[in-house]
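Enquirer: Before I ask anything, let me first share the structure, which is written out below as structure tokens.
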Amino acid sequence: MARTPIIAGNWKMNNTIAEGVQLVKELAPLVKDAKVDVVVCPTATALASVAEAVKGTNIHVGAQNVHWEKSGAFTGEISTGMLNEIGVDYCVLGHSERRDYFGETDEGVNKRALAAFKAGITPIICCGESLEIREAGTYIDHVVAQINAALEGFTAEEAGKLVIAYEPIWAIGTGKTATFDQAEEVCKAIREAVAKKFDQAAADAIRIQYGGSVKPATIKDLMQQPNVDGALVGGASLKSKDFSEIVNY
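Counting from 1, position 106 in the sequence shown corresponds to residue 536 in my numbering; the numbering is continuous, with no gaps.
Next up, the structure:
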């Protein structure tokens, strides 16, 4: 089946409100004819302003995290209801930086993903391996275990509507990029894991992104891989020209 590609820009802890609004204003005319789903993921403080700025365009807004509870004593967290009020369509979950720096677990990623999906927000569930795991040769098992944990509790029909982002940790912000064959190998294994956990229909429907130093120069060849349905873009998403070139590959 034909899957609509999805290109998402993860701004991480970059861009003030004014900078974020300026960026999407520059970006909107450059991507207006895009044949992919376009998503930008600002910081929490800029979410509302950026969501307002992209109204009437084909740019969707994603958050960088969300909590699984609707409200309560969870200092520093944001609920799905707060994101719904702003008009957020996507949410990045389980990014390696959240796992490594802030101790997020597979179980927590799963709870966040279930809560987001229930609230009408599409999770972009991140997975990936460290250089140590890659060199040990156990990276497929590691990534499949992350995916199986993250998708626990979803139905086959629901799973098909999710987005998975494969990000080899050793290629994030390092300038290193996985080869196209390496990206395809793991994305294919992810799709096979979804088929095994649910069914082939879910596997055929789910969209799998690659992330890790994605650049305008590499996106075209990357998108030719059969199991790569898009990209989760870091640094290159902070410049309207670079990100638009990736979107319009």
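For glycine and all other residues, C-beta sits at the position ideal for the given N, C-alpha and C.
Could you say which of Ser560, Gly567, Val593, Asn578 lies nearest to Ile551 if we only look at CA atoms?
Expert: Answer by Cα proximity: Val593.
Enquirer: Count the C-beta pairs between the segment 560-577 and the segment 589-605 that are closer than 8 Å, then say yes if the count reaches three, no if not.
Expert: A contact exists between the segment 560-577 and the segment 589-605.
Enquirer: Between the alpha carbons of Ala647 and Val658, how many angstroms are there, rounded?
Expert: Answer to the nearest angstrom: the Cα atoms are 16 Å apart.
Enquirer: Select from Phe547, Met653, Ala608 the residue whose C-alpha is nearest the C-alpha of Arg564.
Expert: Of the candidates Phe547, Met653, Ala608, the one whose C-alpha sits nearest the C-alpha of Arg564 is Ala608.
Enquirer: Hey, quick one: how far does the beta strand (DSSP E) through Arg637 stretch, first residue to last?
Expert: 637-641 is the span of the beta strand (DSSP E), which, as asked, contains Arg637.
Enquirer: At 4 residues or longer, and completely inside the segment 506-567: list those alpha helix (DSSP H) runs for me, N to C.
Expert: List check, alpha helix (DSSP H) in window: 510-516, 526-532, 536-548, 561-566.
Enquirer: In whole angstroms, what is the alpha-carbon distance linking Glu582 and Arg542?
Expert: Rounded to whole angstroms, Glu582 to Arg542 spans 12 Å at the Cα level.
Enquirer: Mind checking Ser670: buried by the 16 CB within 10 Å criterion, or exposed?
Expert: So Ser670 counts as buried.
Enquirer: Pop quiz: Ala586 and Phe628 are said to be a contact at Cβ under 8 Å. What is the actual Cβ separation, rounded to whole angstroms?
Expert: About 4 Å; that satisfies the 8 Å criterion.
Enquirer: Hey, is Gly664's beta-carbon within less than 8 Å of any beta-carbon in chain B?
Expert: The structure shown contains no chain B, having only a single protein chain.
Enquirer: What is the residue span of the alpha helix (DSSP H) that Val677 lies within?
Expert: Taken as a continuous stretch (DSSP letters only), the alpha helix (DSSP H) holding Val677 covers 670-677.
Enquirer: I think Ala481 touches Cys521, with their Cβ atoms under 8 Å apart; what is that distance to the nearest whole Å?
Expert: 13 Å between Cβ atoms; not a contact.
Enquirer: Rounding to the nearest angstrom, what Cα-Cα distance links Lys626 and Val539 in this structure?
Expert: Whole-angstrom Cα-Cα distance: 20 Å.
Enquirer: Which residue comes first and which comes last in the alpha helix (DSSP H) that contains Asn578?
Expert: Asn578 -> alpha helix (DSSP H) spans 569-580.
Enquirer: Ile447 and Ala474 - do their beta-carbons sit closer together than 8 Å?
Expert: No.
Enquirer: Is Asp467 helix, strand or coil when you go by DSSP?
Expert: Looking at Asp467 - three-state DSSP - the assignment turns out to be strand.
Enquirer: DSSP on Leu662, reduced to helix/strand/coil?
Expert: Strand.
Enquirer: Are the beta-carbon atoms of Ala661 and Leu668 separated by less than 8 Å?
Expert: No, the pair does not count as a contact, with Cβ atoms beyond the cut-off.
Enquirer: So Ala493 is in the beta strand (DSSP E); what residue range does that whole segment cover?
Expert: First-last of the beta strand (DSSP E) with Ala493: 489-493.
Enquirer: Thinking just about the alpha-carbon of each residue, which of Tyr569, Leu460, Phe610 is nearest to the one in Asn678?
Expert: Here the closest residue by C-alpha is Leu460.
Enquirer: How would you write the range of the alpha helix (DSSP H) that Val451 sits in, first residue to last?
Expert: Counting along the chain, the alpha helix (DSSP H) containing Val451 begins and ends at 447-461.
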